Amino acid sequence: MKKHRGFTLIEIAVALTIIALLSIGAISALQMAMLRTRIAETREALQAAREAVTAYAVANRSLPCPAASSADGLEQSRSGGSCTTSRGLLPWTTLGVRGLDGWGNRIGYMVSPALVKAPADRIRLDSAGDIQIWLRDAAGNEVSAATTSAVAFALWSHGENGRGATTSAGTVVADDSATNSDEDANSSQPDGTAPRRLYAREGSTSSATAGGEFDDMVEWESRFVLFGRMITAGQLP
């Protein structure tokens, strides 16, 4: 008589272990794919914002001010030829863009004061930038990415961890780290006293890294590239 052999407990345990390992691998692969998608969406959003800010300058002979609030996305008034604060959120409504990164948080925006003019005035070829962009070398030392006077404006996302970001609902994401000093410097909250400086270094999840954990994505525009676009459009000199 033929005997039917069943699975032993050891065989079942081995099978379950293999299934669990495969599941973990699948979940990790899915998480990585989602992260790549979010990063790609953020790059597209930053590029769209960069183009919109540049087009605004071409049309208005001035860069826009940051948003007056996180509620409506309208730029601060520049009727007096200056912004209330040069650091804040991208004025997404004024520019006609979504202004959100891949994680659904608002894009930060910083503008050089000399490149903001009242409606009756215009940017001049001697209008200099005033934004510091910093990298870090292999030893963790700060390295300037561009001459301060060359940077017209900057845009950034607070990355996957979102620390300090403003959500689409207008709430601020809590900063749950005490060691991420470079991310702290990239605050997108309006502050008239904060220096106009941003970090655009390589990402890190280690608190022991110089400047701490970091996953922000930063872009900036050269005033010379901006001037070139304005000259082509007949808005300069």
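Counting from 1, position 200 in the sequence shown corresponds to residue 200 in the UniProt record's numbering; the numbering is continuous, with no gaps.
For every residue, glycine included, the Cβ atom is placed at its ideal position computed from N, Cα and C.
Note that the coordinates shown come from a computational prediction; the quantities given were computed from them, not determined experimentally.
N- and C-terminal bounds of the alpha helix (DSSP H) containing residue i
i           : result
residue 222 : Taken as a continuous stretch (DSSP letters only), residue 222 belongs to no alpha helix (DSSP H), being part of the beta strand (DSSP E) at 217 to 222.
residue 92  : 92 to 95
residue 185 : 181 to 185
Buried/exposed call for residue i, threshold 16 Cβ in 10 Å
i           : result
residue 91  : buried
residue 35  : exposed
residue 198 : buried
residue 70  : buried
residue 102 : buried
residue 16  : exposed
residue 47  : exposed
Chain-order list of residues whose beta-carbon lies under 8 Å from that of residue i (same chain, five-residue window excluded)
i           : result
residue 173 : 105, 158, 162, 163, 164, 165, 166 and 167
residue 60  : 119
residue 29  : none
residue 207 : 177, 179, 180 and 213
Own chain residues within Cβ distance below 7 Å of residue i, not counting five before or after
i           : result
residue 152 : 63, 112, 115, 129, 221, 222, 223 and 226
residue 205 : 213
residue 229 : 54 and 58
residue 68  : 74, 75 and 76
Segment limits, beta strand (DSSP E) that includes residue i
i           : result
residue 142 : 142 to 144
residue 151 : 151 to 157
residue 108 : 108 to 111
residue 136 : 132 to 136
CB-CB length for residue i against residue j, believed under 8 Å
i           : j           : result
residue 52  : residue 22  : Between residue 22 and residue 52 the Cβ distance is about 45 Å, and since that is not below 8 Å, they are no contact.
residue 107 : residue 156 : 7 Å
residue 160 : residue 215 : 5 Å
residue 73  : residue 93  : 3 Å
residue 45  : residue 98  : 7 Å
residue 145 : residue 194 : Going by Cβ atoms, the distance from residue 145 to residue 194 rounds to 19 Å, so no, they are not a contact pair.
DSSP-derived helix/strand/coil call for residue i
i           : result
residue 58  : helix
residue 100 : strand
residue 205 : coil
residue 88  : strand
residue 13  : helix
C-beta neighbour in chain B for residue i, strict 7 Å
i           : result
residue 196 : The structure shown contains no chain B; it is built from a single protein chain.
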